[in-house]
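**Q**
Residue numbers (UniProt numbering): 1 to 173.
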């Protein structure tokens, strides 16, 4: 476990992409058959900036080393929640590409990133965190559920089933 006091979370596109590339490499090498979003050839600023602004890339560092990353967005660009919201889009903070550098696996960093996202949502008066993941990846789904996310729907997409999760932001945390 990593002491949350030794972790700093900040905006940094280059370090965030470094962590994402490490995660993508591990996915490919471990035979997990990553989606196009996690293929190494797509984990670069040219590709990712089609879906996110530079200031939406966050990295957690441990002893100044990039350890975890995520894209945090207040706009729905990566996944379609219209099946859930219908015509009443809910204000939410959307979490994409949440990952941990392999050197820091098992150190509780997803929890630290989600806590940071909650604080960012609070600061912006947003009451929901939302994530999506491959519905077949039970380890990831279990992680989100342990972090307080509730499964909302499983949708069939062109190439996979996607699990949509959301979490109500706790106030005063």
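The beta-carbon is built from N, C-alpha and C at its ideal position, and this holds for glycine as well. All of these numbers come straight from a predicted model, not from anything done at the bench.
#1: What residue from 114, 24 and 123 has the CA that sits closest to residue 130's CA?
#2: Please state the DSSP three-state secondary structure of residue 93.
#3: Ignoring anything shorter than 4 residues, give me the alpha helix (DSSP H) runs that lie fully in the stretch 138-170, in order along the chain.
#4: CB residue 126 to CB residue 93, shorter than 8 Å?
#5: As a quick exercise: from 50, 80 and 6, pick the residue whose alpha carbon is nearest that of residue 157.
#6: Would you identify the three-state DSSP class for residue 66, choosing helix, strand or coil?
#7: For the putative contact between residue 71 and residue 56, defined by C-beta atoms under 8 Å, what is the C-beta separation to the nearest angstrom?
#8: Within its chain, find whatever has a CB closer than 8 Å to the CB of residue 147; leave out the 5 residues flanking it on each side and keep chain order.
#9: Would residue 69 and residue 51 be called neighbours here (beta carbons separated by less than 8 Å)?
#10: Quick one: grab the DSSP three-state call for residue 104.
#11: DSSP on residue 85, reduced to helix/strand/coil?
#12: Return the first residue and the last residue of the beta strand (DSSP E) that residue 7 is part of.
#13: On the DSSP bridge list, what partners appear for residue 80?
#14: So, residue 83 versus residue 153, is the Cβ gap smaller than 8 Å?
#15: For residue 131, name the three-state secondary structure that DSSP assigns.
#16: Nearest to residue 185 by CA position, among 103, 120, 91 and 23, is which residue?
#17: Do residue 30 and residue 160 come within 8 Å of each other at the CB atom, strictly closer than that value?
#18: For residue 117, is the classification buried or exposed, using 16 other Cβ atoms within 10 angstroms of its Cβ as the cut-off for buried?
**A** In brief:
#1: Numbered from its first residue, the chain shown carries residue 130 at position 130. The shortest Cα separation from residue 130 among 114, 24 and 123 belongs to 114.
#2: The residue you call residue 93 lines up with position 93 of the chain shown. Residue 93: strand per DSSP, three-state reduction.
#3: Counting only runs of 4 or more residues that sit fully inside the stretch 138-170, the alpha helix (DSSP H) segments are 138-146, in chain order.
#4: Counted from its first residue, the chain shown places residue 126 at position 126. Counted from its first residue, the chain shown places residue 93 at position 93. In this structure, residue 93 lies closer than 8 Å to residue 126 by Cβ.
#5: Residue numbering aside, residue 157 sits at position 157 when the chain shown is read from its first letter. Nearest C-alpha to residue 157 among 50, 80 and 6: 80.
#6: Here the question's residue 66 lines up with position 66 in the chain shown. Residue state, collapsed to three classes: strand.
#7: Here the question's residue 71 lines up with position 71 in the chain shown. Here the question's residue 56 lines up with position 56 in the chain shown. Going by Cβ atoms, the distance from residue 71 to residue 56 rounds to 5 Å, so yes, they are a contact pair.
#8: The residue labelled residue 147 in the question sits at position 147 within the chain shown. Within the same chain, residue 147 has close Cβ partners 110, 111, 114 and 167.
#9: Start at 1 with the first residue of the chain shown, and residue 69 comes out as number 69. Start at 1 with the first residue of the chain shown, and residue 51 comes out as number 51. No; because the gap between Cβ atoms is not below 8 Å, this pair is not in contact.
#10: The sequence position of residue 104 within the chain shown is 104, counting from 1. Three-state DSSP puts residue 104 in a helix.
#11: Residue numbering aside, residue 85 sits at position 85 when the chain shown is read from its first letter. Helix at residue 85.
#12: Start at 1 with the first residue of the chain shown, and residue 7 comes out as number 7. First-last of the beta strand (DSSP E) with residue 7: 7-11.
#13: The residue labelled residue 80 in the question sits at position 80 within the chain shown. Its beta-bridge partners do not exist; DSSP assigns none.
#14: Stepping through the chain shown from its first residue, residue 83 is reached at position 83. Stepping through the chain shown from its first residue, residue 153 is reached at position 153. Yes; because the gap between Cβ atoms is below 8 Å, this pair is in contact.
#15: Here residue 131 refers to the residue found at position 131 of the chain shown. In the structure shown, residue 131 sits in a strand (DSSP, three-state: E or B).
#16: Here the chain has residues from 1 to 173 only, and residue 185 is not among them.
#17: Within the chain shown, numbered from 1, the residue matching residue 160 stands at position 160. Within the chain shown, numbered from 1, the residue matching residue 30 stands at position 30. The answer is no: Cβ separation not under 8 Å.
#18: For the purposes of this step, residue 117 is taken as the residue at position 117 of the chain shown. Residue 117 comes out buried.
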